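Chemist: Heads up, our numbering is the position in the sequence shown plus 18, with the first residue counted as 1.
Note that the Cβ used here is the ideal one computed from N, Cα and C, for glycine as well.
Since we're looking at a predicted model, the values are computed, not measured.
Got a structure for you, questions after.
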Amino acid sequence: MGCRPSPTWAVLLTVLSLAVFSPIAHGENTAFILDEDERINVISLVADQAMTMQVAVQNNTSMLVSWNCQSCQVMVDEQGGEVTATEHGTSMLSIANSNSNTVTLTLSSTEDETVALTLAKNIEHAMSNVRPSPSENAPGEEVLHCLQASNCMNAAQASSVAMLNASQSMVAIHNGVVESSADEYVVINASKGDTLEWQWLMSNHATDVRMYHQTPSEETFLNGSYTSEEAFSELHHGHSAGAQQDAGFWTAPEDGRFVARIATDAARSLWSAHLLLHHHQPVNSLMDVDLANGSVVMGHHETTSPFDWSDVEQFTIHARGGPAEISVDQLMSGGWVTGTTVQLEKDEQWVVYPYPDVSGGRLKVSNTSVFMLDVQTSSFSDFNGLEAPSHTPSDLETDNSSWPVLNLTSPLSGQLTLAVHDTTDTYRIVVDGWEDSIHFVQFAVEGEVTGLELQLWDIDQTTGEVLATDITQPLGDELKIGLQVGRGTHYLQIRFQNTSAATPNLWGEDVEERTYVLRPAYSLIDEGEEPWYPPSEDAVYWGTIARWFMGFLFLLPVVYLAIHVKRSNDYAAAVAEKKQRLAWYTKRLDSGESNPKQTRTDMAKALHAIAQLDWLEGLEAWGPQRLEHRTDDVALAVWSVDERLATVERAWPVVVGVHVMNGTWDLAALRFDSPDGEPYRVVHVEPRFLFQGEEVFLDTMGPGHQAYLIVELQGNAANVDVELNGRMDGEPFAARVPETLQRDQDAS
Numbered sequence: 019m020g021c022r023p024s025p026t027w028a029v030l031l032t033v034l035s036l037a038v039f040s041p042i043a044h045g046e047n048t049a050f051i052l053d054e055d056e057r058i059n060v061i062s063l064v065a066d067q068a069m070t071m072q073v074a075v076q077n078n079t080s081m082l083v084s085w086n087c088q089s090c091q092v093m094v095d096e097q098g099g100e101v102t103a104t105e106h107g108t109s110m111l112s113i114a115n116s117n118s119n120t121v122t123l124t125l126s127s128t129e130d131e132t133v134a135l136t137l138a139k140n141i142e143h144a145m146s147n148v149r150p151s152p153s154e155n156a157p158g159e160e161v162l163h164c165l166q167a168s169n170c171m172n173a174a175q176a177s178s179v180a181m182l183n184a185s186q187s188m189v190a191i192h193n194g195v196v197e198s199s200a201d202e203y204v205v206i207n208a209s210k211g212d213t214l215e216w217q218w219l220m221s222n223h224a225t226d227v228r229m230y231h232q233t234p235s236e237e238t239f240l241n242g243s244y245t246s247e248e249a250f251s252e253l254h255h256g257h258s259a260g261a262q263q264d265a266g267f268w269t270a271p272e273d274g275r276f277v278a279r280i281a282t283d284a285a286r287s288l289w290s291a292h293l294l295l296h297h298h299q300p301v302n303s304l305m306d307v308d309l310a311n312g313s314v315v316m317g318h319h320e321t322t323s324p325f326d327w328s329d330v331e332q333f334t335i336h337a338r339g340g341p342a343e344i345s346v347d348q349l350m351s352g353g354w355v356t357g358t359t360v361q362l363e364k365d366e367q368w369v370v371y372p373y374p375d376v377s378g379g380r381l382k383v384s385n386t387s388v389f390m391l392d393v394q395t396s397s398f399s400d401f402n403g404l405e406a407p408s409h410t411p412s413d414l415e416t417d418n419s420s421w422p423v424l425n426l427t428s429p430l431s432g433q434l435t436l437a438v439h440d441t442t443d444t445y446r447i448v449v450d451g452w453e454d455s456i457h458f459v460q461f462a463v464e465g466e467v468t469g470l471e472l473q474l475w476d477i478d479q480t481t482g483e484v485l486a487t488d489i490t491q492p493l494g495d496e497l498k499i500g501l502q503v504g505r506g507t508h509y510l511q512i513r514f515q516n517t518s519a520a521t522p523n524l525w526g527e528d529v530e531e532r533t534y535v536l537r538p539a540y541s542l543i544d545e546g547e548e549p550w551y552p553p554s555e556d557a558v559y560w561g562t563i564a565r566w567f568m569g570f571l572f573l574l575p576v577v578y579l580a581i582h583v584k585r586s587n588d589y590a591a592a593v594a595e596k597k598q599r600l601a602w603y604t605k606r607l608d609s610g611e612s613n614p615k616q617t618r619t620d621m622a623k624a625l626h627a628i629a630q631l632d633w634l635e636g637l638e639a640w641g642p643q644r645l646e647h648r649t650d651d652v653a654l655a656v657w658s659v660d661e662r663l664a665t666v667e668r669a670w671p672v673v674v675g676v677h678v679m680n681g682t683w684d685l686a687a688l689r690f691d692s693p694d695g696e697p698y699r700v701v702h703v704e705p706r707f708l709f710q711g712e713e714v715f716l717d718t719m720g721p722g723h724q725a726y727l728i729v730e731l732q733g734n735a736a737n738v739d740v741e742l743n744g745r746m747d748g749e750p751f752a753a754r755v756p757e758t759l760q761r762d763q764d765a766s
């Protein structure tokens with residue numbers, strides 16, 4: 019059965035706090051409706067104003083009313099003698115109803131306050147006054163069944179008694195009337211190992227409960243009794259108040275039934291109690307629980323809790339809920355080593371240390387009526403889950419993976435766990451370097467160094483012999499050691515100088531450990547000789563393939579360039595054979611064999627190809643209809659081109675050839691000057707050169723350089739003069755074609 023456990027006193031305080039914000043009824047006499055599903059009602063009172071409530075009851079029954087306040091009063095309307103109320107202390111009434119279906123309660127106070135009120139009604143002689151014999155068939159009372167401890171216990175609370183919500187309370191609550199002359203008996207069926215919990219809620223007189231256990235053949239009196247105080251109420255005696263025993267617990271030794279005997283020394287006592295049956299939980303596994311973060315083991319009578327455990331983790335048990343009889347067994351080599359049984363008192367703590375090579379553990383709780391234990395594991399390893407050994411390896415063949423490695427660039431924290439007589443820690447030092455290299459390593463200890471010492475070994479990596487060693491002890495509050503070592507694996511040890519004096523305690527006794535921090539320092543003295551390793555057969559094979567492949571890739575640009583040059587030369591030779599190329603372009607346009615776009619593409623290729631020919635061959639290739647100018651240093655030639663080949667509408671394309679024979683030209687520019695009419699403006703150049711206005715700017719040109727350009731001119735003048743300006747060998751120089759190129763001249 020599920021539950022929402024919460025201690026009575028905590029619920030009371032929470033509800034009282036919330037009630038401050040609840041609506042308060044003002045008036046001379048205000049009616050209040052009790053919520054009978056709640057065991058405790060909270061009522062807000064206004065000073066000097068009364069509040070009444072009607073409680074439906076059965077005839078010839080009794081009722082207990084208890085309240086908790088500062089200055090309030092609770093009055094009962096006796097209805098002409100049909101209802102009789104008796105005070106018990108200052109905050110409890112017992113009410114006897116002879117012939118009425120309702121009981122009227124009136125609450126008032128001299129100050130504004132909040133009242134907590136609880137009641138138990140319809141109390142009558144419903145229990146048997148005769149204890150049944152073991153073989154007698156007697157019906158069992160319905161009680162609340164808690165299948166698991168967590169269903170009815172709250173791990174967040176300090177108390178180990180059950181904490182019930184409203185729905186659970188309705189099942190668990192039982193009422194009765196007991197007289198001094200006749201005890202009452204309550205029968206509860208139970209299985210072996212089940213635990214009965216009895217919680218007193220209210221009683222107007224001291225009332226005692228004792229327990230028998232019966233099987234079909236015998237009866238056993240169970241030790242222990244549970245007595246309520248005079249005028250007892252849960253409102254005044256919360257489970258953490260300590261006024262009396264929190265609850266009574268009895269465990270069934272065999273399958274059978276409990277028989278509770280209820281008795282009182284008073285003439286007549288009304289009582290109300292919670293009855294719960296906690297089912298036996300023989301195993302409460304912790305195998306899937308991360309005990310490093312802690313967990314709670316709770317239950318009744320006995321349980322076994324197996325858990326994962328390593329030999330570098332201590333196991334801590336804290337008896338939070340009350341006394342407990344416990345032991346911790348350890349799993350070694352597939353067998354269980356039984357632990358010592360310990361009786362922990364409330365709030366006492368026990369730390370258990372593992373034996374070497376432990377692989378698991380189990381916590382056993384026995385002979386404890388109710389328990390709530392906080393359990394947790396914590397590591398005492400020195401580094402990465404490894405406990406540093408107390409000795410160095412015997413030789414180079416020994417597997418040294420269990421020796422923690424000291425990083426030469428960062429500090430390491432460790433501890434000497436004196437509880438398990440751990441007085442020495444040995445660490446592995448791995449130094450990388452070339453053959454015959456020399457290194458200096460130094461280690462300083464931070465922390466309490468009194469009684470400690472350090473030893474460092476330089477190990478021969480071939481024979482395992484000790485080449486050098488050093489031992490240092492504290493100087494004041496400093497402890498450090500340094501040594502020159504070769505490359506490879508070496509060892510550092512930190513230990514107590516006198517191990518017997520450091521461990522006067524018994525093995526496993528919880529004593530404080532000695533913690534330390536090792537802070538390294540490293541410097542290279544001699545780097546030694548860089549080793550050479552012959553390549554493997556695979557490296558040679560794949561290296562050869564890689565070299566051929568990379569060589570082939572490097573040759574691809576050369577092959578591409580050779581093919582490109584060959585094609586350019588072949589095209590140039592073909593152009594040289596076809597004389598008067600401009601006239602040929604015009605003829606193809608006239609015949610429709612080619613369109614302007616195709617012709618412009620061919621002309622662009624021809625510009626580069628003809629530039630590779632001899633100057634005179636190039637002139638013949640373009641055609642005789644040209645203007646020429648030649649000096650000792652430079653030659654110019656100009657051809658008019660069919661205007662249909664212009665890329666810009668109504669532009670005039672011309673071909674200009676430049677050939678430098680001597681000197682180096684820089685800042686060179688072609689200028690197109692219109693002697694008559696408006697000036698021309700350059701709108702397109704092929705190949706792409708910078709241009710502006712009537713000028714085209716050329717690259718630097720050296721001896722033997724020749725270039726051909728198609729220049730498109732925008733303007734309406736009928737002719738144009740062409741000149742070359744710039745600096746030749748650093749001196750200003752200019753060349754001008756003496757004749758004017760006519761725009762209407764046939765381009766052929």
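(1) Which ranges does the alpha helix (DSSP H) cover as unbroken runs of at least 4 residues, wholly within the region 109-180, from first to last along the chain?
(2) Just to check my reading of the structure: residue 220 and residue 84 have Cβ atoms closer than 8 Å, yes? What is that Cβ distance to the nearest angstrom?
(3) My assumption, with CB atoms under 8 Å, is that residue 711 sits in contact with residue 736. Please give the rounded CB distance.
(4) Cutting at 7 Å between CB atoms, please list the residues of its own chain near residue 31, excluding the five before and the five after it.
(5) Given 8 Å as the limit, is there contact between the region 332-347 and the region 184-197, that is, 3 or more CB pairs closer than that?
(6) Mind listing, in chain order, the continuous alpha helix (DSSP H) runs of no fewer than 4 residues lying wholly within the region 631-661?
(7) Please identify the residue among 751, 654, 427 whose C-alpha is closest to the C-alpha of residue 723.
(8) Roughly how many angstroms lie between the CA atoms of residue 527 and residue 363, to the nearest whole one?
(9) Does the structure place the region 231-249 close enough to the region 86-104 that three or more beta carbon pairs sit under 8 Å?
(10) I'd like to check one pair, residue 675 with residue 651: are the Cβ atoms closer than 8 Å?
(11) Leaving out five residues on either side along the sequence, give the residues of the same chain with a beta carbon under 7 Å from the beta carbon of residue 599.
(12) Less than 8 Å between the CB atoms is what I'm expecting for residue 537 and residue 411, so what's the real figure, rounded?
(13) DSSP has residue 508 in a bridge; who is on the other side?
(14) Name the residue from 748, 631, 658, 756 whose alpha carbon lies nearest to the alpha carbon of residue 9.
(15) If residue 401 and residue 432 are in contact, beta carbons under 8 Å, what's the gap, nearest whole angstrom?
(16) Does residue 617 come out as helix, strand or coil in the three-state DSSP assignment?
(17) Do residue 408 and residue 331 come within 8 Å of each other at the CB atom, strictly closer than that value?
(18) Report, in whole angstroms, the separation of the C-beta atoms of residue 133 and residue 63, which I expect to be a contact under 8 Å.
(19) Let me know the secondary structure DSSP gives residue 609 once reduced to three states.
(20) Within its chain, find whatever has a CB closer than 8 Å to the CB of residue 168; leave out the 5 residues flanking it on each side and keep chain order.
(21) Which runs of the alpha helix (DSSP H), 4 residues or longer, sit entirely within the region 418-488?
(22) Any idea if residue 88 is buried or exposed, counting beta-carbon neighbours within 10 angstroms, 16 or more meaning buried?
(23) Is the beta carbon of residue 206 less than 8 Å from the beta carbon of residue 275?
(24) Does the pairing of the region 293-303 with the region 143-150 give three or more beta-carbon distances under 8 Å?
(25) May I ask you to report which of helix, strand or coil DSSP gives residue 371?
(26) Between residue 766 and residue 597, what straight-line distance do the alpha-carbon atoms span, to the nearest angstrom?
(27) Can you look up residue 305 in the DSSP assignment and give me helix, strand or coil?
(28) Leaving out the 5 sequence neighbours to the left and right, which residues in its chain are closer than 7 Å to residue 444 when beta-carbon positions are compared?
(29) Would you report the Cα separation of residue 203 and residue 229, rounded to the nearest angstrom?
(30) So, helix, strand or coil for residue 98, using DSSP?
(31) For residue 578, which three-state DSSP category applies?
(32) Quickly, what does DSSP pair residue 730 with across the bridge? List them, please.
(33) Tell me whether residue 513 sits in a helix, a strand or coil according to DSSP, three-state version.
(34) For residue 278, I'd like the list of residues in its chain whose CB is within less than 6 Å of its CB, leaving aside the five on either flank, ordered along the chain.
(35) Do you know offhand how far residue 139's Cα is from residue 386's?
(36) Which residues mark the beginning and the end of the beta strand (DSSP E) in which residue 328 is found?
Modeler: On the basis of the supplied data:
(1) 167-170
(2) Against the sequence shown, residue 220 aligns to sequence position 202. Against the sequence shown, residue 84 aligns to sequence position 66. Indeed they touch by this definition, with Cβ atoms about 6 Å apart.
(3) What you label residue 711 is simply residue 693 of the sequence shown in a count that begins at 1. What you label residue 736 is simply residue 718 of the sequence shown in a count that begins at 1. Actually they do not touch by this definition, with Cβ atoms about 20 Å apart.
(4) Working through the sequence shown from its first residue, we reach residue 31 at position 13. Note that residue 31 scores a pLDDT of 42, beneath 50, so its modelled location is shaky; the value from the coordinates is reported in the next line. None.
(5) no
(6) 633-640
(7) To locate residue 723, count along the sequence shown from 1; it is residue 705. Nearest option by C-alpha distance: 654.
(8) Here the question's residue 527 lines up with position 509 in the sequence shown. Here the question's residue 363 lines up with position 345 in the sequence shown. Their Cα atoms are separated by approximately 18 Å.
(9) no
(10) The residue given as residue 651 occupies position 633 in the sequence shown. The residue given as residue 675 occupies position 657 in the sequence shown. Cβ atoms of residue 651 and residue 675: not closer than 8 Å.
(11) For the purposes of this step, residue 599 is taken as the residue at position 581 of the sequence shown. Answer for residue 599: 593, 624, 639, 640, 641, listed in chain order.
(12) What you label residue 537 is simply residue 519 of the sequence shown in a count that begins at 1. What you label residue 411 is simply residue 393 of the sequence shown in a count that begins at 1. So it is not a contact: roughly 25 Å between Cβ atoms.
(13) Position 490 of the sequence shown, counting from 1, holds the residue named residue 508. Note: residue 508 sits in a beta bridge opposite 447.
(14) Given a span of 19 to 766 for the chain in the structure shown, any question on residue 9 remains unanswerable.
(15) Locating residue 401 in the sequence shown gives position 383, where the first residue counts as 1. Locating residue 432 in the sequence shown gives position 414, where the first residue counts as 1. About 6 Å; that satisfies the 8 Å criterion.
(16) In the sequence shown, residue 617 corresponds to position 599, counting from 1. Three-state result, residue 617: helix.
(17) Here residue 331 refers to the residue found at position 313 of the sequence shown. Here residue 408 refers to the residue found at position 390 of the sequence shown. No. Outside cutoff.
(18) Mapped onto the sequence shown, residue 133 falls at position 115. Mapped onto the sequence shown, residue 63 falls at position 45. Right, their Cβ atoms sit about 6 Å apart.
(19) Within the sequence shown, residue 609 is the residue found at index 591, counting from 1. Of the three classes helix, strand and coil, the one that applies to residue 609 here is helix, per DSSP.
(20) Counting from 1 along the sequence shown, the entry for residue 168 is found at position 150. Within the same chain, residue 168 has close Cβ partners 316.
(21) none
(22) Numbered from its first residue, the sequence shown carries residue 88 at position 70. By the 10 Å Cβ count, residue 88 comes out exposed.
(23) The residue labelled residue 206 in the question sits at position 188 within the sequence shown. The residue labelled residue 275 in the question sits at position 257 within the sequence shown. Yes, the Cβ-Cβ distance between residue 206 and residue 275 is below 8 Å.
(24) no
(25) For the purposes of this step, residue 371 is taken as residue 353 along the sequence shown, with counting starting at 1. Of the three classes helix, strand and coil, the one that applies to residue 371 here is coil, per DSSP.
(26) Position 748 of the sequence shown holds residue 766. Position 579 of the sequence shown holds residue 597. In this predicted model, residue 766 has a pLDDT of only 37, less than 50, meaning its place in the structure is not dependable; the value taken from the coordinates is given anyway. If you take the alpha carbons of residue 766 and residue 597, they lie about 11 Å apart.
(27) In the sequence shown, the residue the question calls residue 305 occupies position 287. It is coil, neither helix nor strand.
(28) On the sequence shown, residue 444 is found 426 positions in, with the first residue counted as 1. Closer than 7 Å at Cβ, skipping near neighbours: 406, 407, 408, 409, 410, 421, 509, 511.
(29) What you label residue 203 is simply residue 185 of the sequence shown in a count that begins at 1. What you label residue 229 is simply residue 211 of the sequence shown in a count that begins at 1. When rounded, the distance between both Cα atoms is 10 Å.
(30) Locating residue 98 in the sequence shown gives position 80, counting from the first residue. If DSSP states are grouped into helix, strand and coil, residue 98 belongs with the helices.
(31) As a first step, residue 578 is located in the sequence shown; it is residue number 560 there, counting from the start. Residue state, collapsed to three classes: helix.
(32) Position 712 of the sequence shown holds residue 730. Answer is 671, 702, bridged to residue 730.
(33) Residue mapping note: residue 513 aligns to position 495 of the sequence shown, counting from 1. Strand at residue 513.
(34) Position 260 of the sequence shown, counted from the first residue, corresponds to residue 278. Within the same chain, residue 278 has close Cβ partners 204, 227, 229.
(35) The sequence position of residue 139 within the sequence shown is 121, counting from 1. The sequence position of residue 386 within the sequence shown is 368, counting from 1. Using only the alpha carbons, I get a separation of about 35 Å.
(36) Counting from one through the sequence shown, the residue named residue 328 turns up at place 310. Segment: none, residue 328 is in no beta strand (DSSP E) and carries neither H nor E.
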